[in-house]
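Chemist: Numbering (the UniProt record's numbering), first residue to last: 1 to 277.
Don't be surprised by glycine CBs; every beta carbon is placed ideally from N, CA and C.
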């Protein structure tokens with residue numbers, strides 16, 4: 001296992017996709033925060049309060065896509081070049097090979113998170129430090145690392161079982177986007193207001209109308225289920241984090257751990273049965 005990790009990290013250090021991903025994450029994070037700082041500065045000049053918290057975690061939803069692209073290409077290359085088969089030939093066990101690849105892909109995901117958070121620091125001169133405090137920031141960072149582990153578990157499972165690199169990349173990206181769209185739909189449904197209010201024209205001019213029940217409002221058990229799924233999916237956690245609405249962090253942390261462990265256990269078992277050509 002140690003030799004597999006050493007070789008894997010050496011390969012990671014030479015991987016162009018990894019370095020391009022980190023540079024892209026840093027550039028996007030920095031650019032978004034500089035633009036947000038400019039807009040916030042103009043708004044604060046007019047009396048509107050804006051803080052670093054409003055913008056710092058906005059890139060959380062895209063971490064899954066970064067993990068999908070990297071894991072599919074990194075592990076897919078091992079399939080296409082016959083590296084996985086060669087490792088088995090020289091005596092490495094299949095569980096060790098699988099776990100080593102998971103660790104390396106997770107480490108890459110952690111680097112993407114670190115560069116995203118590092119780029120966001122450029123907003124401090126204009127927006128100041130976080131209002132949520134050190135404990136709040138640490139909780140969000142730990143949650144981000146945990147859902148990165150969950151994303152990595154999914155894509156490592158997919159990449160280790162699919163021998164075609166191009167197919168793996170397409171499936172991984174579609175999975176990431178599909179879960180993100182599903183979480184966004186759930187979040188938007190939960191944001192629908194319970195009451196509709198509008199304006200009416202009277203002899204006195206425009207007046208507020210009496211609020212009426214909104215037929216699109218999600219309530220009862222359905223609302224509870226939507227919120228549970230949103231709290232548990234890594235894509236849902238990313239959206240909640242971006243909007244500073246991570247209401248049940250312990251549930252989210254536990255869910256990410258369960259997803260990571262379940263996908264890894266399933267992957268180790270399935271890879272042990274896979275016929276490597």
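1) With DSSP run on the structure shown, which of helix, strand or coil describes residue 212?
2) If you measure between the beta carbons of residue 221 and residue 112, is that distance less than 9 Å?
3) Which value, in whole angstroms, describes the spacing of the CA atoms of residue 63 and residue 90?
4) Rank 32, 29 and 128 by C-alpha distance to the C-alpha of residue 49 and give the top, closest one.
5) Per DSSP, residue 23 is paired with what?
6) Determine the direct distance from the alpha carbon of residue 254 to that of residue 118, and round the result to whole angstroms.
7) Roughly how many angstroms separate the alpha carbons of residue 264 and residue 115, rounded to a whole number?
8) Pull up the distance between the alpha-carbon of residue 258 and that of residue 229, whole angstroms please.
9) Would residue 69 and residue 173 be called neighbours here (beta carbons separated by less than 9 Å)?
10) Does the separation of the CB atoms of residue 126 and residue 71 fall below 9 Å?
11) Please check if any C-beta of chain C sits within less than 9 Å of the C-beta of residue 85.
12) Which residues mark the beginning and the end of the alpha helix (DSSP H) in which residue 96 is found?
13) Which residue comes first and which comes last in the alpha helix (DSSP H) that contains residue 237?
14) Whole angstroms are fine: how far does the CA of residue 235 sit from the CA of residue 183?
15) Mapping the DSSP letters down to three states, classify residue 246 as helix, strand or coil.
Modeler: So, from the listed chains and residues:
1) strand
2) no
3) 35 Å
4) With distances taken between Cα atoms, residue 49 lies closest to 128.
5) For residue 23, which the question treats as bridged, DSSP gives no partner whatsoever.
6) 26 Å
7) 26 Å
8) 14 Å
9) yes
10) no
11) Absence of chain C from the displayed structure is noted, only one protein chain being present.
12) 94–120
13) 234–242
14) The straight-line gap from Cα to Cα measures roughly 6 Å.
15) coil
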